[in-house]
Amino acid sequence: MDITDALAPASDQLDAVELVNPRTFTIDTGSRLGKRDGRTVVEIRLVNFDRVWRPSKGMLDVLAACWGTDGKAWVGRRVTLYNDRDVTFGKEKTGGIRISHLSHIEKARTVAIRAPGAGRVKQWHVEPLPDEPTTADPTPEQIASLTDEDALKELWKQSSPQGRRLIEARVAELRATPAADPETGEVVEGELFGTES
27 MDITDALAPA SDQLDAVELV NPRTFTIDTG SRLGKRDGRT VVEIRLVNFD RVWRPSKGML
87 DVLAACWGTD GKAWVGRRVT LYNDRDVTFG KEKTGGIRIS HLSHIEKART VAIRAPGAGR
147 VKQWHVEPLP DEPTTADPTP EQIASLTDED ALKELWKQSS PQGRRLIEAR VAELRATPAA
207 DPETGEVVEG ELFGTES
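In our numbering, the protein residues as written are 27 to 223.
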């Protein structure tokens, strides 16, 4: 029995304590700038994870140095995160989320990042993540043949950004088309799969 989900805190973000072991995530669409305690923070959406990752300033330095500053370009890229138990908050060791590996870098990199204390910097080492085996996107014909929104949603999770756009267009098309009642066969305006659109 895997208790990972039970360890998740009641929080709107990924917390260091959840990372009992290093974990690799894929960057999803929908990342944005937000406000937290009066400060601007980056909120990164992760595929198949319902809370955001808010990287520290130092880890943002790593992402910017390795991937550039356009967060939209990060979609589909992968990052391995771990809990660095030596991170302190005040005088307490609270742990903190750190990056160990990144996709889309050709070799290991060492970059300068901000460190606690005014004007201080330190070096951070990050290793390349090997490429995942590529999964071919479904063809437009395969997408067009599907009428079940749940099946399309599962397919969307496994698809590239281009494949996702095709699936989103198919879902929009299905929602715009009146559905037939499964019992009577009659076309019911404004309904899809028995639910109101």
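Just so it is clear, CB atoms sit at the ideal spot from N, CA and C, and this is done for glycine as well.
TODO: Reducing DSSP to helix, strand and coil, say where residue 72 ends up.
DONE: To locate residue 72, count along the sequence shown from 1; it is residue 46. Three-state DSSP puts residue 72 in a strand.
Open item on the list: On a Cα-Cα basis, can you pick out the residue from 140, 101, 112 that is closest to residue 183?
Closed with: One-based indexing of the sequence shown puts residue 183 at position 157. The option with the nearest alpha carbon to residue 183 is 101.
Task: Range of the contiguous alpha helix (DSSP H) that encloses residue 157 - done: Start at 1 with the first residue of the sequence shown, and residue 157 comes out as number 131. First-last for residue 157: undefined, no H or E at that position.
Task: Cβ-based burial, residue 46 [other Cβ within 10 Å; buried from 16] - done: Numbered from its first residue, the sequence shown carries residue 46 at position 20. It is exposed - the Cβ of residue 46 has fewer than 16 other Cβ atoms within 10 Å.
Task: Beta-carbon proximity check, residue 135 vs residue 152, cutoff 8 Å - done: As a first step, residue 135 must be located in the sequence shown, where it is residue number 109. As a first step, residue 152 must be located in the sequence shown, where it is residue number 126. Judged by their CB atoms, residue 135 and residue 152 are nearer to each other than the 8 Å cut-off.
Open item on the list: For a test of the three-state rule: what should DSSP assign to residue 61, helix, strand or coil?
Closed with: The residue labelled residue 61 in the question sits at position 35 within the sequence shown. Reduced to three states, the DSSP call for residue 61 is strand.
Open item on the list: Given a cut-off of 8 Å on the beta-carbon distance, is the pair residue 89 and residue 129 in contact?
Closed with: The residue given as residue 89 occupies position 63 in the sequence shown. The residue given as residue 129 occupies position 103 in the sequence shown. At least 8 Å separates the beta-carbon of residue 89 from that of residue 129.
Open item on the list: By alpha-carbon positions, which one of 106, 96, 142, 124 ends up nearest to residue 117?
Closed with: Within the sequence shown, the letter at position 91 stands for residue 117. With distances taken between Cα atoms, residue 117 lies closest to 142.
TODO: With a cut-off of 8 Å on the beta carbons, I'd call residue 52 and residue 73 a contact; round off their distance for me.
DONE: Start at 1 with the first residue of the sequence shown, and residue 52 comes out as number 26. Start at 1 with the first residue of the sequence shown, and residue 73 comes out as number 47. Right, their Cβ atoms sit about 4 Å apart.
TODO: Alpha carbon to alpha carbon, how far is residue 126 from residue 180? Give it in angstroms, no decimals.
DONE: Your numbering for residue 180 matches position 154 in the sequence shown. Your numbering for residue 126 matches position 100 in the sequence shown. When rounded, the distance between both Cα atoms is 29 Å.
Open item on the list: Whole angstroms are fine: how far does the CA of residue 39 sit from the CA of residue 194?
Closed with: Within the sequence shown, numbered from 1, the residue matching residue 194 stands at position 168. Within the sequence shown, numbered from 1, the residue matching residue 39 stands at position 13. Near 26 Å, if we compare the C-alpha coordinates of residue 39 and residue 194.
Task: Sheet register partners of residue 138 (DSSP bridge) - done: By 1-based counting over the sequence shown, the position of residue 138 is 112. DSSP lists 149 as the beta-bridge partner residues of residue 138.
Open item on the list: If you follow the alpha helix (DSSP H) that residue 23 is in, where does it begin and where does it stop?
Closed with: This structure cannot settle anything about residue 23, because the visible part of the chain is limited to 27 through 223.
Task: C-beta contact flag for residue 185 and residue 163 at 8 Å - done: Within the sequence shown, residue 185 is the residue found at index 159, counting from 1. Within the sequence shown, residue 163 is the residue found at index 137, counting from 1. Going by C-beta atoms, residue 185 is nearer than 8 Å to residue 163.
TODO: Assign residue 184 to one of three DSSP states: helix, strand, or coil.
DONE: Stepping through the sequence shown from its first residue, residue 184 is reached at position 158. DSSP places residue 184 in coil when its eight states are reduced to three.
- [ ] Quickly, what does DSSP pair residue 49 with across the bridge? List them, please.
- [x] Taking the first residue of the sequence shown as 1, we reach residue 49 at position 23. DSSP, once it has assigned bridges, lists 107 as partnering residue 49.
Task: Nearest-angstrom Cβ-Cβ length linking residue 231 and residue 68, presumed shorter than 8 Å - done: Residue coverage of the chain in this structure runs from 27 to 223, which leaves residue 231 outside it and unanswerable.
- [ ] Can you tell me which of the three DSSP states residue 67 falls into?
- [x] By 1-based counting over the sequence shown, the position of residue 67 is 41. Three-state DSSP puts residue 67 in a strand.
- [ ] Starting from residue 83, trace the alpha helix (DSSP H) both ways and give me its first and last residue.
- [x] Counted from its first residue, the sequence shown places residue 83 at position 57. Counted as a single uninterrupted DSSP element, the alpha helix (DSSP H) harbouring residue 83 occupies residues 83-93.
Task: Simplified DSSP assignment, three categories, for residue 113 - done: Walking along the sequence shown from the start, residue 113 turns up at place 87. Coil.
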